[in-house]
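*Asks:* The sequence shown begins at 1 in this note's numbering and counts up by one.
Glycine residues also receive a C-beta, built at the ideal position from the N, C-alpha and C atoms.
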Amino acid sequence: MAESVAGDPGTPYLDIRLPAGVEARFEATTEVPARAGWRPARTVIDRDLDALVDDLKKSRGCTSRAVAGSLFVLDYARRLSWPVLSAHLRLGARLDPSWSNVRLAVNPTGLPHVGFAVGPEIGPAKDVAEVVDALVTGHFAYLVERLHTLTGVGRRTLWGNVAVAVMQVFMAFSWASGDREHFLAAAQRTLANRPEMRGTVSLESVRHGDQNWMVIWRRTCCLAFRVETQGELSYCGTCCIVEHDDRVASFHGAADRYIEIERAGVVARPRVHGDTGKAR
Numbered sequence: 001m002a003e004s005v006a007g008d009p010g011t012p013y014l015d016i017r018l019p020a021g022v023e024a025r026f027e028a029t030t031e032v033p034a035r036a037g038w039r040p041a042r043t044v045i046d047r048d049l050d051a052l053v054d055d056l057k058k059s060r061g062c063t064s065r066a067v068a069g070s071l072f073v074l075d076y077a078r079r080l081s082w083p084v085l086s087a088h089l090r091l092g093a094r095l096d097p098s099w100s101n102v103r104l105a106v107n108p109t110g111l112p113h114v115g116f117a118v119g120p121e122i123g124p125a126k127d128v129a130e131v132v133d134a135l136v137t138g139h140f141a142y143l144v145e146r147l148h149t150l151t152g153v154g155r156r157t158l159w160g161n162v163a164v165a166v167m168q169v170f171m172a173f174s175w176a177s178g179d180r181e182h183f184l185a186a187a188q189r190t191l192a193n194r195p196e197m198r199g200t201v202s203l204e205s206v207r208h209g210d211q212n213w214m215v216i217w218r219r220t221c222c223l224a225f226r227v228e229t230q231g232e233l234s235y236c237g238t239c240c241i242v243e244h245d246d247r248v249a250s251f252h253g254a255a256d257r258y259i260e261i262e263r264a265g266v267v268a269r270p271r272v273h274g275d276t277g278k279a280r
């Protein structure tokens with residue numbers, strides 16, 4: 001296994017194998033046609049964002065449009081950043097996250113599917129910070145402002161969601177490597193260089209068994225607890241509202257489950273596939 005961080009000159013890229021259910025979320029749908037429901041992302045965000053927020057509010061039972069706006073950014077940031085960073089860290093390729101290359105396919109849930117007109121391309125090696133900058137400056141900055149203006153949800157809440165989405169890539173790949181904190185230092189450097197995201201999450205190493213594991217602690221709440229439920233309020237396991245000891249216990253439970261999945265051999269290799277004409 002490679003010992004240096006992907007993106008540095010001369011660095012071999014890691015052969016990372018994720019649990020099959022997780023792997024699917026890192027796959028990029030590429031070469032999407034100008035049909036079958038796919039539209040330019042900027043067009044959708046400019047024209048349909050208001051309706052998407054309403055659809056999400058209804059489908060998730062959000063108590064306000066601000067809650068729906070927060071959850072929209074969290075989901076969107078994952079759908080866009082995960083395949084983009086996966087292409088860089090695992091394939092040494094550039095998957096362009098600019099508005100001109102991203103396509104969206106809307107659906108009744110209010111959470112659009114994300115695709116790309118042009119797939120990953122091999123080119124000069126880039127640092128991971130450049131890839132994150134393309135995501136943050138070239139895409140998420142506009143989205144955050146649009147949702148802030150449209151729903152009134154705070155910018156810090158929205159940027160906290162972006163930070164969690166981006167940092168989860170580093171954590172997922174760390175957990176899937178022999179060194180469970182393999183990308184921690186790279187993630188910390190990346191976070192420190194982004195003033196928009198800095199301070200919204202904390203990245204640490206926590207001992208589990210005989211290894212140190214990368215962990216993300218939220219310093220902002222995504223507001224997911226403010227959805228209508230039949231039972232008690234439910235919080236994310238790493239949420240800043242949850243007591244620290246409970247968050248640590250939640251991490252250990254997640255790590256145990258991850259190890260069991262590995263032992264069962266339920267892992268998958270990375271794939272990038274073209275579109276079949278149908279929005280996924």
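1. Can you tell me whether L95 is helix, strand or coil according to DSSP?
2. Output the distance between the C-alpha atoms of Q188 and R198, rounded to the nearest integer angstrom.
3. Using the C-alpha atoms, what's the distance from A264 back to G154?
4. With a CB to CB cut of under 6 Å and the five nearest residues on each side skipped, what residues in its chain are close to S81?
5. Taking 9 Å as the cut-off, decide whether the C-beta atoms of V73 and L150 are in contact.
6. Could you give the DSSP three-state label for R17: helix, strand or coil?
7. Cutting at 7 Å between CB atoms, please list the residues of its own chain near A93, excluding the five before and the five after it.
8. At what residue ranges does the stretch 193 to 219 contain a whole run of the beta strand (DSSP E), taking only runs of 3 or more?
9. Can you tell me which of the three DSSP states V102 falls into?
10. For E181, count neighbouring C-beta atoms within 10 Å of its own C-beta (all shown protein chains included) and say buried if the count is 16 or more, exposed if not.
11. I think W217 touches S202, with their Cβ atoms under 8 Å apart; what is that distance to the nearest whole Å?
12. Straight-line CA distance for G10 to L91?
13. Along the chain, where does the alpha helix (DSSP H) that runs through V144 open and close?
14. Taking C-alpha atoms, which residue in P19, Y142 and K58 lies nearest to D46?
15. Is it buried or exposed, P124, if we count other Cβ atoms within 10 angstroms and call 16 or more buried?
16. Count the other CB atoms, across all protein chains shown, that sit within 10 Å of the CB of D8; report buried if there are 16 or more and exposed otherwise.
17. Give me the Cα-Cα distance between M1 and A163, rounded to the nearest whole angstrom.
18. What do you reckon, are the CB atoms on L71 and R60 nearer than 9 Å?
19. Using the Cα positions of V144 and L158, report the straight-line distance between them to the nearest angstrom.
20. Got a sec? Which residues, its chain only, sit under 7 Å from V84 by beta carbon, not counting five neighbours each side?
21. Whole angstroms are fine: how far does the CA of G115 sit from the CA of A105?
22. Contact defined as beta carbons within less than 8 Å: I believe N290 pairs with V118. What is the distance between those atoms, to the nearest angstrom?
*Replies:* Result, derived from the coordinates:
1. As a working mapping, residue 95 is identified with position 95 in the sequence shown. L95 falls in the coil class under three-state DSSP.
2. The residue labelled residue 188 in the question sits at position 188 within the sequence shown. The residue labelled residue 198 in the question sits at position 198 within the sequence shown. Going by the C-alpha atoms only, they are around 10 Å apart.
3. Counting from 1 along the sequence shown, the entry for residue 154 is found at position 154. Counting from 1 along the sequence shown, the entry for residue 264 is found at position 264. Going by the C-alpha atoms only, they are around 42 Å apart.
4. As a working note, residue 81 is residue 81 in the sequence shown. Answer for S81: L135, A165 and V166, listed in chain order.
5. Position 73 of the sequence shown holds residue 73. Position 150 of the sequence shown holds residue 150. Contact: no.
6. Mapped onto the sequence shown, residue 17 falls at position 17. Looking at R17 - three-state DSSP - the assignment turns out to be coil, as it is neither helix nor strand.
7. Translated into the one-based positions of the sequence shown, residue 93 becomes position 93. Once the five neighbours on either side are set aside, the close Cβ partners of A93 are A87, P120, E121 and I122.
8. 201 to 208 and 211 to 218
9. Looking up residue 102 in the sequence shown gives position 102. In this structure, V102 counts as strand in the three-state DSSP scheme.
10. Sequence index remark: in the sequence shown, residue 181 carries index 181 (1-based). Burial call: buried.
11. Position 217 of the sequence shown, counting from 1, holds the residue named residue 217. Position 202 of the sequence shown, counting from 1, holds the residue named residue 202. Their Cβ separation, rounded to whole angstroms, is 4 Å, which keeps W217 and S202 in contact under 8 Å.
12. For this step, residue 10 is matched to residue 10 along the sequence shown. For this step, residue 91 is matched to residue 91 along the sequence shown. With a pLDDT of 36 at G10, under the threshold of 50, the predicted position of this residue should be treated as unreliable, though the coordinate-derived value follows. One C-alpha to the other measures close to 13 Å.
13. Numbered from its first residue, the sequence shown carries residue 144 at position 144. Taken as a continuous stretch (DSSP letters only), the alpha helix (DSSP H) holding V144 covers A141 to T151.
14. Taking the sequence shown and counting its residues from 1, one reaches residue 46 at position 46. Answer by Cα proximity: Y142.
15. Mapped onto the sequence shown, residue 124 falls at position 124. With fewer than 16 other Cβ atoms within 10 Å, it is exposed.
16. The residue you call residue 8 lines up with position 8 of the sequence shown. Note that D8 scores 42 on pLDDT, short of 50, meaning its location in the model is unreliable and no value can be drawn from it.
17. Position 1 of the sequence shown, counting from 1, holds the residue named residue 1. Position 163 of the sequence shown, counting from 1, holds the residue named residue 163. Only weak support exists for where M1 lies, its pLDDT of 32 falling under 50; the value from the coordinates is given anyway. Looking at the two C-alpha atoms, the distance is approximately 27 Å.
18. As a working note, residue 71 is residue 71 in the sequence shown. As a working note, residue 60 is residue 60 in the sequence shown. Closer than 9 Å, so yes.
19. Mapped onto the sequence shown, residue 144 falls at position 144. Mapped onto the sequence shown, residue 158 falls at position 158. Cα to Cα, the separation comes out at about 6 Å.
20. Indexing the sequence shown from 1 puts residue 84 at position 84. Cβ within range, chain order: L95, P97, V131 and L135.
21. Start at 1 with the first residue of the sequence shown, and residue 105 comes out as number 105. Start at 1 with the first residue of the sequence shown, and residue 115 comes out as number 115. Approximately 8 Å between the Cα atoms of the pair.
22. There is no way to answer for residue 290, as the model of the chain reaches only from 1 to 280.
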